[in-house]
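What follows is a short report on a single structure.
Residue numbers (the working numbering): 111 to 721.
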């Protein structure tokens with residue numbers, strides 16, 4: 111027995127030594143790889159930032175070739191990390207780091223197929239809205255100067271949705287865009303879905319883990335479901351109000367007073383949220399809103415950035431890096447500076463690159479607060495190793511929380527932008543109502559879009575049946591239906607569904623909205639703000655800044671809930687309650703009006719068939 115005992119002790123010691131050696135090797139490997147990873151991604155970002163639209167083909171191809179070489183090294187990282195036997199590693203942080211590195215190859219693992227096929231498909235999806243390939247309604251009679259040239263969804267058709275009161279025109283463009291793009295969009299989208307599955311198989315990783323990198327995906331998706339349940343009573347009240355107003359405007363032949371809202375009208379409601387003629391126009395006219403664009407009419411695009419940075423500086427954040435301001439920041443070409451343009455930010459390492467719009471309006475001013483938040487987030491993470499630099503996309507809800515504060519009447523008056531404007535109770539409700547339509551109406555759509563991609567990746571639905579599934583989800587969660595029966599073979603996703611799909615953009619938007627309001631309320635409480643949540647401004651509060659910085663500095667070194675607990679001290683789960691509280695004044699107003707008008711809450715089943 112003693113001999114056996116000695117043998118067992120020796121075996122345990124040997125196994126322990128093996129584990130220690132493997133762990134030490136992994137630790138050394140991770141340290142070296144972090145530096146290599148940062149260097150490689152800095153090169154990729156520099157290459158992309160240096161690309162110009164007017165580069166000739168040879169120049170662009172040369173830069174692309176460099177990126178290909180870098181991509182091959184990232185694939186090596188994943189393969190090397192996979193070689194470690196994690197059963198011999200006890201440190202959970204090292205295991206998490208290795209798992210993160212196993213996925214950095216991502217779609218690059220497909221090699222030439224990625225550059226020759228996947229990139230082309232993703233680029234095609236990005237341009238679906240900008241291709242001028244739709245014949246105008248009635249030969250262009252309603253277009254400026256009765257122009258009969260083909261139009262694009264953005265900006266041409268979008269402007270129609272913002273201004274037209276003709277439901278047939280709206281329905282025409284809804285159908286025309288889909289008829290033109292269904293096959294092209296479906297083909298390229300399916301290419302991406304199959305590429306994700308193939309990449310996951312090669313890397314021997316669950317495909318959902320790759321798409322939701324670093325999340326405890328099963329719990330996270332359940333929390334998204336819970337948010338929809340929490341939001342449902344509020345959404346149903348708003349839906350009932352919107353449907354009633356649309357029914358008054360267009361009549362029973364266009365919309366059923368108790369049914370789902372036709373998607374072309376739903377799309378118009380969103381397009382008109384901050385425009386004249388919206389569903390709230392009879393109660394809260396657009397002309398009675400504050401002159402938001404007038405507040406920044408004398409600003410340059412650079413001043414938008416500087417003033418946004420001033421907000422973060424008031425919270426105790428550092429100045430933006432000098433090298434960033436001099437060498438990694440540039441304006442987009444004037445041609446790109448329409449209202450719809452988006453800044454391009456590369457924040458994959460502490461060395462951030464940014465290309466910003468030159469367009470100046472209030473919307474761009476608020477967006478800049480979100481962009482600067484991403485830059486500050488990267489600066490706070492600069493001491494982290496590369497495999498923990500990811501931050502669960504929390505830079506987006508942080509930016510959302512700051513935008514909510516920076517856009518308040520209280521803040522705009524405090525910094526002198528609205529010093530000559532008096533915010534009445536009706537003005538506050540007007541602003542809140544339009545924000546509510548944009549936020550609350552969009553969230554079910556983000557949820558459905560996320561769910562559709564998840565089910566395609568999980569093979570619980572296929573491309574032949576996905577359209578039927580899409581409309582079932584839109585009816586169940588958003589109370590929305592197609593404008594007519596849908597034949598077999600159609601894919602009816604709106605163009606925003608496809609934007610940045612490889613980055614899981616729809617889930618990002620969902621989380622940004624929900625967690626953004628959670629952060630906002632928690633930071634307002636930390637600042638000791640009293641009164642209505644929708645007018646809380648935490649500008650200048652260093653305690654708020656310290657909470658934000660302590661969370662940012664963690665990156666993904668700890669699980670999601672541990673990271674967000676630096677701000678969300680009471681409840682780290684996804685929760686719709688702060689968002690609902692924020693919009694309580696308009697929901698209470700809507701409830702009263704719905705009761706007075708005896709409006710049906712909820713919706714009956716759609717009468718349209720989807721094959």
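Don't be surprised by glycine CBs; every beta carbon is placed ideally from N, CA and C.
- Taken through DSSP and simplified to helix, strand or coil, residue 296 comes out as helix.
- For residue 465, the enclosing beta strand (DSSP E) starts and ends at 463-466.
- Going by DSSP, residue 441 is part of the beta strand (DSSP E) stretching over 439-441.
- In the three-state reduction of the DSSP assignment, residue 454 falls in the strand class.
- By the C-beta density criterion, residue 584 is buried, having at least 16 other C-beta atoms within 10 angstroms.
- If you ignore the 5 residues before and after residue 558, its C-beta comes within less than 8 Å of the C-beta of 580, 583, 584, 587, 588, all in its own chain and listed in chain order.
- Around the Cβ of residue 306, a 10 Å sphere holds 16 or more other Cβ atoms; the residue is buried.
- For residue 270, the enclosing alpha helix (DSSP H) stretches over residues 268-273.
- Exposed is the label assigned to residue 420, since fewer than 16 other Cβ atoms lie within 10 Å of its Cβ.
- Judged by pairs of C-beta atoms under 8 Å, the segment 261-270 does not touch the segment 189-201, as fewer than three such pairs exist.
- For residue 484, the secondary structure class from DSSP, reduced to helix, strand or coil, is helix.
- DSSP places residue 229 within a helical segment (H, G or I) once states are collapsed to three.
- Assignment of residue 246 by DSSP, reduced to helix, strand and coil, places it in the coil class.
- Residue burial annotation: residue 617 is buried, with at least 16 other C-beta atoms found within 10 angstroms of its C-beta.
- In the structure shown, residue 312 adopts helical secondary structure according to DSSP, grouped into three states.
- DSSP assignment within the segment 581-636 yields the following whole alpha helix (DSSP H) runs of 4 residues or more, N-terminal first: 605-608, 615-636.
- Scanning 247, 261, 296 for the CA closest to the CA of residue 278 turns up 247.
- Less than 8 Å divides the Cβ of residue 214 from the Cβ of residue 187.
- Selection 185, 459, 291, 394 evaluated against residue 608 yields 291 as nearest (Cα-Cα).
- In the structure shown, residue 495 falls within a coil segment according to DSSP collapsed to helix, strand and coil.
- Assignment of residue 695 by DSSP, reduced to helix, strand and coil, places it in the helix class.
- By a beta-carbon distance limit of 8 Å, residue 344 contacts residue 690. Their separation comes to about 5 Å.
- Taking the CA atoms as reference points, residue 594 sits about 24 Å from residue 252.
- Rounded to whole angstroms, the separation of the alpha carbons of residue 486 and residue 180 is 27 Å.
- Pairing residue 654 with residue 636 gives a Cβ-Cβ distance under 8 Å.
- According to the DSSP assignment, residue 367 belongs to no alpha helix (DSSP H), since it is labelled neither H nor E.
- Judged by beta-carbon spacing, residue 178 lies within the 8 Å limit of residue 225, meaning their Cβ atoms are closer than that value.
- Boundaries of the alpha helix (DSSP H) harbouring residue 562: 535-567, taken from the DSSP string.
- For residue 478, the closest C-alpha among the options 412, 255, 428, 698 is that of 412.
- In the structure shown, the three-state DSSP call for residue 199 is coil.
- Taking 8 Å as the cut-off, the Cβ atoms of residue 351 and residue 700 count as close.
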